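Chains as they are written, first to last, in the numbering used here: chain A, 1 to 682; chain B, 1001 to 1120.
Here it is, written out as structure tokens:
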């Protein structure tokens, strides 16, 4: 440094000399050497000019190239390039220092940046792999709602290429787009806020269907507005949630609903609803043991694709309001034709067809191509009318009670193995539900029967009790009666009727005998009523019974001047009955009618078939039953007659009931009517 | 002459049967209950016994067994106001079961029938 200063000081010697000479000239020294002074001064000036030129050259030579180097460096910095291959800075002056410092700074920057770039690279990789591994589908639309990007998962799921969808609108790739999605996109465009659509049903043109939570947001990239749709596929989750709630809903609906049709409808709605098993159509057949057929009971599903779309739309919006699973009548008024077809369908259990096969083997079957599958006969083909379908058995306990048929007729999604498995599990639950419903109904029936029987028991107990009392009294009476009658007979034997007194005694004793005989007959009737002799059941012609009885009573009819009118049906089948007891019935009824009918009255007896039962009608022209008594006419010891003990109709009723028949008493316009109906065997 | 034992607790009835049967030409003994009847069968030989069922001390069914154990071949006619003992198998060992009636014709017919067979 010191040397530099000395050199610099030496350079200024001519300036100092020139200044000294100029001062001398000014003060007038060296006047006599004025000429020489000016020459010297002139030389000095020349020297100074030379020096200036020399210095300038020197400076240019020393600094300019280095400044350019520095400038290049800075320009490179400006462009973001921090590492340059420049020559090492020359010299050891400040400029060189600056240059060196700049290079060092540049190297530092470069190190920082290159290390940062590695990080960024790593982050990008991470980001990409996250995006790729996510199961979400991305769809980016531009301001005109044209698709500009879709991620790989989206393309893969919906089986379309990115090239194909670029520039298309979402309407072009989805089979239908719900109003909710369209509205939400407009809403996002208007106010820029994100919108989340939960559980939205999407169906592509390729008939691929998913349920997704869709987040729609608005972003700006390089000044351009874009709409991003992120779809989370929740189909499986929804299904599981749904299945759980469905099962509980079904059991609940069974508890609250006593109509089997509703239970079946609930089950099939579970099979068809989007969040359930998601089949398009489902049909349910139940085994009818009595008629030996498999009969169509319920169907759920649209008749046309238009109906299908309507249902899908409405199901989505309903779910929005209510997070519960909507299994109620979402398809109200839809699929009427399908329901009608199924409910009128039945298959004989002996028939060799697929439905019966599934029922008999309790094995589910998945038909992939009905048209080429030899197991599908023409009947089934025509009935189901779709190429791919599944039939699963409804197994409750160890018996198969029916089958469910499910298909995807409208969106034609191939039926996956998991769907078949789910349907089988579901069918198992459904079968239990149906079975418990049936059991409930059976219990109800049994309870009705028990109640009926109980009433019958009470009735017969009443009769039996009355019978026991009657029998006891009858026996107690019979003994003195026998004694009385016996002695009266002796009186007759021992009196001479030829003498007038004797004749009177005869007459008196005869009255006793007759009355005793009458009483004895009544007592015999009472005994008959209480005696439980086993009856002899044979196939008897009821008309014959009636004709026999009428013959027996012919004298009585004539004596009372009562006309009998028989209107006996021609084709009355034989009735399994005890001939004598039936005769007793007719005898009692006709005797009652004769007693009630005034002379010149008429009695009608009619036989006919009604509801597979043989009906006997006995009608007279008497005063009829007393209105208040109609209910009681069959009670033992009820009699409005002056004679008799009132067991006639009670005996009739007991006999008819023993035969499993029914008896009613009514009043007609001009007389009483008794109707008996007897069941036919089998 | 056939000898008949009438077993009946009701005196008037017993006497009535006795009168009627004597008039028919039978020799008649009377017992007023089962116990008496068994004793009498022990000491005498009868061709036929008419037996009531409901009686004090010993009823007809018990007496029936005891009489038959003494003499298996003696014809016995159960003559009672009760028709329901017909179903009691104990009475099936009797030769006839007739429900009482003030008209004794049925009883008389049965007796003569049984005695005829016995004497053959």
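Yeah, the Cβ is synthetic: ideal placement off N, Cα and C, and Gly gets one too.
Computed from a prediction, not measured in an experiment: that's the story for all the values here.
Checklist entry - Going by Cα to Cα distance, which pick from A/119, A/158, A/125 is closest to residue 138 of chain A? => result Nearest option by C-alpha distance: A/158.
Item to check | Length-filtered (4 minimum) alpha helix (DSSP H) runs lying within the region 19 to 91 of chain A | outcome: 34 to 59, 65 to 78, all fully within the region 19 to 91 of chain A.
Item to check | Chain-ordered neighbours of residue 1085 of chain B on chain A, where CB pairs are closer than 7 Å | outcome: Residues of chain A whose Cβ lies closer than 7 Å to the Cβ of residue 1085 of chain B do not exist, since the nearest Cβ in that chain is about 10 Å away.
Item to check | Residues bridged to residue 372 of chain A [DSSP beta-bridge criterion] | outcome: In the DSSP assignment, residue 372 of chain A is bridged to no other residue.
Item to check | Start-end ranges of the alpha helix (DSSP H) lying completely within the region 142 to 204 of chain A, minimum 4 residues | outcome: The qualifying runs are 152 to 158, 162 to 165, 170 to 173, 179 to 191.
Item to check | Cutoff 6 Å; reference residue 1081 of chain B; Cβ partners in own chain excluding five residues on either side | outcome: Excluding residues within five positions, the ones whose Cβ falls inside 6 Å are 1100.
Checklist entry - So what does DSSP say about residue 600 of chain A, is it helix, strand or coil? => result Residue 600 of chain A carries a coil assignment under DSSP once its states are collapsed to helix, strand and coil.
Checklist entry - From residue 175 of chain A to residue 207 of chain A, what distance separates their C-alpha atoms? => result Each residue's Cα considered, the two are about 7 Å apart.
Next on the checklist: What would DSSP say about residue 579 of chain A, mapped onto helix, strand or coil?
Outcome noted: Three-state DSSP puts residue 579 of chain A in a helix.
Checklist entry - Between the Cα of residue 260 of chain A and the Cα atoms of A/575, A/284, A/279, A/231, which residue gives the shortest distance? => result Nearest option by C-alpha distance: A/284.
Next on the checklist: So with CB distances below 8 Å, who are the chain A contacts of residue 1100 of chain B?
Outcome noted: Per Cβ cutoff of 8 Å: 478, 479, 482.
Checklist entry - Of all Cβ atoms in chain A, is any one closer than 8 Å to the Cβ of residue 1022 of chain B? => result Closer than 8 Å: no.
Item to check | For residue 107 of chain A, three-class secondary structure by DSSP | outcome: Assigned with DSSP and collapsed to three states, residue 107 of chain A falls in helix.
Checklist entry - In three-state terms, what does DSSP make of residue 521 of chain A? => result Here residue 521 of chain A sits in helix by DSSP.
Next on the checklist: Going by DSSP, what residue range makes up the alpha helix (DSSP H) through residue 574 of chain A?
Outcome noted: Counted as a single uninterrupted DSSP element, the stretch harbouring residue 574 of chain A is not any alpha helix (DSSP H), since DSSP gives it neither H nor E.
Checklist entry - How about the region 335 to 346 of chain A and the region 286 to 303 of chain A: do they share at least three Cβ pairs that are nearer than 8 Å? => result With a cut-off of 8 Å, the region 286 to 303 of chain A and the region 335 to 346 of chain A count as touching, because enough Cβ pairs lie within range.
Checklist entry - In angstroms, rounded to a whole number, what distance separates the CA positions of residue 121 of chain A and residue 108 of chain A? => result When rounded, the distance between both Cα atoms is 20 Å.
Checklist entry - Is it true that the region 1067 to 1086 of chain B meets the region 1043 to 1057 of chain B, where meeting means three or more beta-carbon pairs spaced less than 8 Å apart? => result Contact annotation: the region 1067 to 1086 of chain B touches the region 1043 to 1057 of chain B, with at least three C-beta pairs closer than 8 Å.
Next on the checklist: I'd like to know whether the C-beta of residue 1064 of chain B is nearer than 8 Å to at least one C-beta of chain A.
Outcome noted: No - not a single Cβ of chain A is within 8 Å of the one on residue 1064 of chain B.
Item to check | Nearest candidate by alpha-carbon position, reference residue 1104 of chain B, set B/1058, B/1002, B/1023, B/1038 | outcome: The option with the nearest alpha carbon to residue 1104 of chain B is B/1023.
Item to check | Contact check, residue 186 of chain A vs residue 195 of chain A, beta carbons under 8 Å | outcome: With a cutoff of 8 Å on beta-carbon distance, residue 186 of chain A and residue 195 of chain A are scored as not near each other.
Item to check | Bridge-paired residues (DSSP) for residue 228 of chain A | outcome: In the DSSP output, where bridge partners are listed per residue, residue 228 of chain A has A/140, A/217.
Item to check | Where residue 1010 of chain B meets chain A, residues with beta-carbon distance less than 8 Å | outcome: The answer, in chain order, is 479, 483.
Checklist entry - Considering only the beta carbon of each residue, do residue 573 of chain A and residue 618 of chain A sit closer than 8 Å? => result Between residue 573 of chain A and residue 618 of chain A, the CB-CB gap reaches or exceeds 8 Å.
Item to check | With 16 other Cβ atoms within 10 Å as the buried cut-off, status of residue 129 of chain A | outcome: The residue is exposed, with fewer than 16 neighbouring Cβ atoms inside 10 Å.
Item to check | Contacts of residue 475 of chain A in chain B (Cβ-Cβ under 7 Å) | outcome: What residue 475 of chain A touches in chain B: 1081, 1082.
Checklist entry - Applying the criterion that 16 or more other CB atoms from any shown protein chain within 10 Å of the CB defines a buried residue, is residue 64 of chain A buried or exposed? => result That one is exposed.
Checklist entry - Taking three-plus beta-carbon pairs below 8 Å as touching, is the region 454 to 461 of chain A in contact with the region 428 to 445 of chain A? => result These segments do not touch.
Next on the checklist: Taking the straight line between their C-alpha atoms, what separation do you get for residue 577 of chain A and residue 585 of chain A?
Outcome noted: Taking the straight line from one Cα to the other gives about 12 Å.
Checklist entry - Residues of chain B with a CB under 9 Å from the CB of residue 509 of chain A: which are they? => result Within chain B, no residue comes near residue 509 of chain A; the closest Cβ sits about 11 Å away, beyond 9 Å.
Next on the checklist: Suppose only complete runs of 3+ residues qualify. What are the beta strand (DSSP E) ranges in the region 417 to 476 of chain A, listed by chain order?
Outcome noted: Entirely contained in the region 417 to 476 of chain A, not one beta strand (DSSP E) run reaches 3 residues.
Checklist entry - So residue 490 of chain A and residue 1040 of chain B are in contact, right, with Cβ under 8 Å, and what is the actual spacing, rounded? => result In this structure, residue 490 of chain A and residue 1040 of chain B do not form a Cβ contact; the two beta carbons are roughly 25 Å apart against a cut-off of 8 Å.
Item to check | Segment contact flag, the region 561 to 570 of chain A with the region 600 to 607 of chain A, C-beta cutoff 8 Å, min 3 pairs | outcome: Flag = yes, the region 561 to 570 of chain A and the region 600 to 607 of chain A touch.
Checklist entry - So which of B/1028, B/1009, B/1045, B/1112 has the shortest CA-CA distance to residue 1057 of chain B? => result Looking at the Cα atoms, B/1009 is the closest of the given residues.
Checklist entry - Whose C-alpha, out of A/589, A/620, A/611, A/616, is nearest the C-alpha of residue 598 of chain A? => result When only C-alpha atoms are compared, the closest one is A/620.
Item to check | Backbone CA spacing between residue 393 of chain A and residue 204 of chain A [nearest angstrom] | outcome: So the two alpha carbons sit approximately 32 Å from each other.
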